[in-house]
Amino acid sequence: MKPPPYVLSQGVLATIGNALLHAFAIGIGTSHEANKSQHEARPRVPSVKQRSKAQCPSEGHAKTIVKGRWGMCEFTGKCANIIQSWNPVVLGLLDSLPYDEEVMVWGRRWIVKTSTLGERHGYGVYACEDIIVEDSARCRREGPTLFPYGGPIYKRRHWNWILTQHPEWKTFALEMDTFAGSTRRHNDVKVIDGDPIRSGNIVGFINNTVGTHPKRRANCEWVFVEGPPLAPYGQTYHEDHCLVIATRTIRSGDELFTHYEWS
Ligand SMILES: C[S@@+](CC[C@H](N)C(=O)[O-])C[C@H]1O[C@@H](n2cnc3c(N)ncnc32)[C@H](O)[C@@H]1O
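Now the structure itself:
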């Protein structure tokens, strides 16, 4: 998944009149185009065409079982060393993400349960409280921060290696810094593995507006943020990160939707 990585300027979140946000208002920009204001990017997803064909160096095809939050998974060659362990708690996410149970993430209550799209489309994320977005904030993409897109971060090249061995890992991958104006080479782009099971990443359960009947309206978007989140969530997390922000008022009981493509 490669949802829209909007980039906010330094001042944007500072103006958000939300007490919670003020607690961890973020300094923002991009690592390669600092101080550039908002970039709107088309949401994109790693497609088969975009993916490099590079295989993970196999070194005699030795097989290694890598144990992690996902259970056990077999990798060969260098891939086994590339797989990172991840603790969701460092980014203020939950160590385990229960279904059908209210949880508190970044100061707000949420529930992960069957999507309004229907059972065959899996789970969705619902708000358990109202989140108000003023019209003026909406126009400037200054809606409240909901939670981060969390998971281990891989270089694109390494992520491609992983996918050659486990293509099913791709569903929740977010390319961090591909947005309009990015000058990074494709292989330099970083990818967050946001699988909810592997990463405790609640964002992974947010569904897409595309093709929905009746038509769902997006109520949140992704933004790329340079540097770690401020306290209390950035105490031990030192990477650039991505956030989900509300783009319109979300009422208690509403399911979150955004616009992304997937392959
Ligand atoms: C990022 S996940 C979203 C969470 C997913 N519902 C789950 O339980 O894992 C993306 C997957 O959800 C499903 N999905 C999301 N939005 C959809 C939509 N508008 N129509 C149909 N399926 C959708 C697709 O199976 C897609 O691969």
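Every position in the sequence shown, counted from 1, becomes a number in my numbering once 3 is added. We put the CB at the ideal spot given by N, CA and C, even for glycine.
Could you check where the alpha helix (DSSP H) with residue i kicks off and where it finishes?
i	result
C269	The shown model of the chain, from 4 to 266, leaves out residue 269, and the question about it has no answer.
W89	Per DSSP, W89 belongs to no alpha helix (DSSP H) and is neither H nor E.
H161	R159 to Q168
R111	First-last for R111: R111 to T117, but that is the beta strand (DSSP E), not the alpha helix (DSSP H).
I248	Segment H244 to A249 is the beta strand (DSSP E) holding I248; no alpha helix (DSSP H) there.
I68	First-last for I68: K66 to G71, but that is the beta strand (DSSP E), not the alpha helix (DSSP H).
R144	Element bounds for R144: n/a, residue is neither H nor E.
R201	P199 to S202
Check whether the Cβ of residue i sits closer than 8 Å to any heavy atom of ligand 1, and report yes or no.
i	result
T215	yes
P199	yes
T119	no
G203	no
G153	no
I209	yes
H124	yes
F175	yes
G127	yes
T239	no
T212	yes
Are there 16 or more other CB atoms within 10 angstroms of the CB of residue i, so buried, or fewer, so exposed?
i	result
V92	exposed
T261	buried
D191	exposed
H64	exposed
E258	buried
R219	buried
H244	buried
S202	buried
M107	exposed
I165	buried
G95	buried
E105	exposed
M75	exposed
D267	As shown, the chain starts at 4 and ends at 266. That puts residue 267 outside it, with no answer to give.
E77	exposed
Going along the chain, which residues of its own chain have a beta-carbon closer than 6 Å to the beta-carbon of residue i, five neighbours each way excluded?
i	result
T252	I135 and V136
Ignore the nearest five residues each way along the sequence and tell me which others in residue i's own chain have a CB closer than 8 Å to its CB.
i	result
S255	A130, C131, E132 and D133
T250	V136, R141, R144, G146, A221, N222, C223 and E224
D103	I114, V115 and K116
A57	R160, N163, W164 and T167
Quick check: does the Cβ of residue i come within less than 8 Å of any heavy atom belonging to ligand 3?
i	result
I85	In the structure shown, ligand 3 is absent; the only ligands present are ligand 1.
In the DSSP assignment, find the unbroken beta strand (DSSP E) run with residue i in it and report its ends.
i	result
P151	T148 to P151
T174	Looking at the DSSP string, T174 is not in any beta strand (DSSP E), and its letter there is neither H nor E.
I209	Careful: I209 lies outside any beta strand (DSSP E) and carries neither H nor E.
I195	K193 to D196
C223	C223 to V228
G127	Y126 to A130
E105	E105 to V108
Identify, in the order they occur along the chain, each residue of the same chain with its Cβ nearer than 7 Å to the Cβ of residue i, setting aside the five sequence neighbours on each side.
i	result
N21	For N21, the predicted model reports a pLDDT of 29, less than 50, meaning its position is unreliable and no value from the coordinates is stated.
W162	A176 and V194
V206	F150, Y152, G197 and V247
_Touch test, the stretch 124-141 against the stretch 79-87, Cβ-Cβ under 8 Å, three pairs minimum_ = no
*asked:* With three or more C-beta pairs closer than 8 Å as the rule, is the stretch 149-158 touching the stretch 236-251?
replied: yes
*the stretch 115-123 / the stretch 166-179 touching (three or more Cβ pairs under 8 Å)*: no
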